[in-house]
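Numbers in the working numbering are just positions in the sequence shown, counted from 1, shifted up by 9.
Think of the CB as a built atom: it goes at the ideal place given N, C-alpha and C, for glycine as much as any other residue.
Quick caveat: nothing in here was measured; it's all calculated off a predicted structure.
Read the structure below first, then the notes.
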Amino acid sequence: MNSKDLQTIRELLSTPKKIAIVPHKNPDGDAIGAALALWHYLNNSGHQPEVISPNDYPKFLKWMPGTEQVVIFEKQGDMARDFLSAADLVFTVDFNQLARTGAMQESLLSSRARFLMIDHHQQPDGFAQLVYSDPEMSSTCEMVYKVLEGLGGLDAISPEIANCLYAGILTDTGSFKYSATSSNTHRVVANLIDRGAQNTEIHRKIFDTNTPERLQLLGIALRNMVVLKPYRTAYTSLRQEDLDACRYQKGDTEGFVNYGLSLEGIRFAAIFIENREEGIIKISFRSKGDFSVNNFARNHYSGGGHINAAGGRSRESMEDTLTRFESLLKSYKKTLNA
Ligand code: 5GP
Ligand code: MN
10 MNSKDLQTIR ELLSTPKKIA IVPHKNPDGD AIGAALALWH YLNNSGHQPE
60 VISPNDYPKF LKWMPGTEQV VIFEKQGDMA RDFLSAADLV FTVDFNQLAR
110 TGAMQESLLS SRARFLMIDH HQQPDGFAQL VYSDPEMSST CEMVYKVLEG
160 LGGLDAISPE IANCLYAGIL TDTGSFKYSA TSSNTHRVVA NLIDRGAQNT
210 EIHRKIFDTN TPERLQLLGI ALRNMVVLKP YRTAYTSLRQ EDLDACRYQK
260 GDTEGFVNYG LSLEGIRFAA IFIENREEGI IKISFRSKGD FSVNNFARNH
310 YSGGGHINAA GGRSRESMED TLTRFESLLK SYKKTLNA
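Below you can see the structure in the form of structure tokens.
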């Protein structure tokens, strides 16, 4: 964040403000971690912040300090709308298009607050007056760290904030292995540990939360995997019946898509997950190297994300969706083998 924007934020925060902090729908560790870290900072600085999430998030993130404060728009709509209509500022974290907030979008569009975006996705829309966007960053949490450091120095990072930011960086970098993980990411993480992030505990709380049902669901996903060597692609799918049989809970399929990418020689992986209630197939794409799943998701699945991790949806049946996906691959054969 440049010093002029930091100065603008400093001025905006020089008097107590009512501030909404909004992550994207189906928030992940980075979105919730960034939102709660900001909440703690603003709360510690005498403001009246409220994290308003479009919908609920997985249990493996609910240990984060401040999680009990989060207002869920889908469940507490009136409270959320009242807060939004009276808010002076809205921080949006970890998304680049207002549509990523789902049904909450309308309340945001009608708000008179000033919007500040902190995000690392490519091609941000212009809905915010103040934009801190950097697609080279590992995570939104790393960016929030920079903002807080710029505003208040390392003293601004309390142990609660350190734990939230560590969790977001950890999850968005695939435990510090994705290519956006820089030496600076490691420096930030080192400082977070010095400021009280309980790194070993956080790993345990996030990754050692399997249930037998989740492992069974993973078994189904692995059995359903289709490997298309000529396209260096592996994809899998889960039907509503599979989810029901394994008593699916939010977050259970997190990380499944990565198994395809762990196959030798595979550069492109996808998982198709049926959501009968919403009438969609939710899709996650992952890649290695130059193949941009952000472009792929934008061009064919009304989605987006990053070069190597993106998502989208299909409104066709599972069968038609998979058939179309396979035939789409033909036009990408050269790129996938480059
Ligand atoms: P996931 O596959 O884990 O849901 O998402 C991977 C990345 O793509 C995340 O950074 C997420 O924010 C982004 N993403 C997922 N679904 C969508 C979508 O429908 N639209 C856009 N623009 N981004 C998405
Ligand atoms: Mn993120």
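Exercise. Find the nearest neighbour of THR110 within the set ILE292, ARG232, PRO32, judged by alpha-carbon distance.
Key: For the purposes of this step, residue 110 is taken as the residue at position 101 of the sequence shown. Nearest option by C-alpha distance: PRO32.
Practice problem: Mind the definition here: the segment 241-258 touches the segment 272-292 only if three or more C-beta pairs lie below 8 Å; say whether that holds. | Solution: Touching, yes, given that three or more Cβ pairs across the two stretches are closer than 8 Å.
Quiz item: Mind checking SER148: buried by the 16 CB within 10 Å criterion, or exposed?
Solution: Taking the sequence shown and counting its residues from 1, the one referred to as residue 148 is at position 139. By the neighbour-count definition (other C-beta atoms within 10 Å, threshold 16), SER148 is a buried residue.
Practice problem: Out of LEU201, SER188, TYR240, state which residue places its alpha-carbon closest to the alpha-carbon of ASN317. | Solution: Numbered from 1 along the sequence shown, position 308 holds the residue referred to as residue 317. Its Cα nearest to that of ASN317, the residue SER188 stands out among LEU201, SER188, TYR240.
Quiz item: Whose C-beta lies closer than 8 Å to the C-beta of ALA108 among residues of the same chain, with five residues either side of it excluded?
Solution: Position 99 of the sequence shown, counting from 1, holds the residue named residue 108. Sequence-distant partners of ALA108 (beyond 5 residues in either direction) whose C-beta falls short of 8 Å from its own C-beta, in its chain, are GLN114.
Exercise. Compare the beta carbon distance of GLN57 and PRO25 with 9 Å and say whether it is the shorter of the two.
Key: Locating residue 57 in the sequence shown gives position 48, counting from the first residue. Locating residue 25 in the sequence shown gives position 16, counting from the first residue. Contact flag set, yes.
Quiz item: Counting contacts by CB-CB distance shorter than 9 Å, is ASN303 in contact with chain B?
Solution: Within the model displayed, chain B is absent; a lone protein chain is all it includes.
Exercise. Kindly list the residues whose CB is nearer than 7 Å to the CB of ASP14, restricted to its own chain and excluding five residues on each side of it in sequence; keep chain order.
Key: In the sequence shown, the residue the question calls residue 14 occupies position 5. Excluding positions up to five away in sequence, the list reads LEU139, TYR141.
Quiz item: Just checking my contact of LEU125 with VAL153 at CB under 8 Å: how many whole Å lie between their CB atoms?
Solution: Locating residue 125 in the sequence shown gives position 116, counting from the first residue. Locating residue 153 in the sequence shown gives position 144, counting from the first residue. No, LEU125 and VAL153 are not in contact; Cβ-Cβ is about 11 Å, not under 8 Å.
Self-check item: GLU77 - DSSP class collapsed to helix/strand/coil
Solution: The residue given as residue 77 occupies position 68 in the sequence shown. The answer is helix: DSSP assigns GLU77 an H, G or I state.
Quiz prompt | Of the listed residues GLY313, HIS315, GLU250, PHE305, nearest to GLU286 (C-alpha basis) | solution = Indexing the sequence shown from 1 puts residue 286 at position 277. Closest in C-alpha terms to GLU286, from the list GLY313, HIS315, GLU250, PHE305, comes GLU250.
Practice problem: Pull up the distance between the alpha-carbon of MET327 and that of LYS186, whole angstroms please. | Solution: Working through the sequence shown from its first residue, we reach residue 327 at position 318. Working through the sequence shown from its first residue, we reach residue 186 at position 177. Counting only the Cα atoms, LYS186 lies some 32 Å from MET327.
Quiz item: With distances taken from CA atoms, which of GLU145, PRO144, CYS150, LEU117 is nearest PHE136?
Solution: In the sequence shown, counting from the first residue as 1, residue 136 sits at position 127. Checked all of GLU145, PRO144, CYS150, LEU117; the closest Cα to PHE136 is LEU117.
Exercise. Count the other C-beta atoms from every protein chain shown that fall within 10 angstroms of the C-beta of ARG213, then say buried if there are 16 or more, exposed otherwise.
Key: Here residue 213 corresponds to residue number 204 of the sequence shown, with the count starting at 1. Here ARG213 is exposed, its C-beta having fewer than 16 other C-beta atoms within 10 Å.
Self-check item: Contact check, ALA40 vs ASP103, beta carbons under 9 Å
Solution: Position 31 of the sequence shown, counted from the first residue, corresponds to residue 40. Position 94 of the sequence shown, counted from the first residue, corresponds to residue 103. For the pair ALA40 and ASP103, the CB atoms are nearer than the 9 Å cut-off.
Practice problem: Give a yes or no on contact between the segment 209-223 and the segment 189-198, applying the rule of three or more CB pairs nearer than 8 Å. | Solution: These segments do not touch.
Self-check item: Three-pair Cβ contact test at 8 Å for the segment 301-316 versus the segment 198-211
Solution: Under the three-pair Cβ rule at 8 Å, the segment 301-316 does not count as touching the segment 198-211.
Quiz item: Three-state secondary structure (DSSP) at SER62?
Solution: For the purposes of this step, residue 62 is taken as residue 53 along the sequence shown, with counting starting at 1. In the three-state reduction of the DSSP assignment, SER62 falls in the strand class.
Quiz item: Nearest-angstrom Cα distance between PRO168 and ASN284?
Solution: Residue mapping note: residue 168 aligns to position 159 of the sequence shown, counting from 1. Residue mapping note: residue 284 aligns to position 275 of the sequence shown, counting from 1. The alpha-carbon atoms of PRO168 and ASN284 are separated by roughly 38 Å.
Practice problem: Identify whether SER340 lies in helix, strand or coil by the three-state DSSP scheme. | Solution: By one-based count along the sequence shown, residue 340 stands at place 331. Reduced to three states, the DSSP call for SER340 is helix.
Self-check item: Distance between beta carbons of GLN207 and ASN233, contact taken as under 8 Å
Solution: Here residue 233 is taken as the residue at index 224 of the sequence shown, counted from 1. Here residue 207 is taken as the residue at index 198 of the sequence shown, counted from 1. Actually they are not in contact, since the Cβ atoms of ASN233 and GLN207 sit about 37 Å apart, beyond 8 Å.
Practice problem: State the Cα-Cα distance for the pair TYR66 and PHE82, rounded to the nearest angstrom. | Solution: Sequence index remark: in the sequence shown, residue 66 carries index 57 (1-based). Sequence index remark: in the sequence shown, residue 82 carries index 73 (1-based). About 12 Å.
Quiz item: Which residues does DSSP pair with ASP128 in a beta bridge?
Solution: Position 119 of the sequence shown, counted from the first residue, corresponds to residue 128. Answer by DSSP bridge pairing, in chain order: SER142.
Practice problem: Select from VAL99, LYS71, MET73 the residue whose C-alpha is nearest the C-alpha of ILE61. | Solution: Stepping through the sequence shown from its first residue, residue 61 is reached at position 52. If we check each option's Cα against that of ILE61, VAL99 comes out closest.
Practice problem: Would you mind stating whether ALA44 and ILE170 have Cβ atoms separated by less than 9 Å? | Solution: Residue 44 sits at position 35 when you count from the first residue of the sequence shown. Residue 170 sits at position 161 when you count from the first residue of the sequence shown. Contact flag unset, no.
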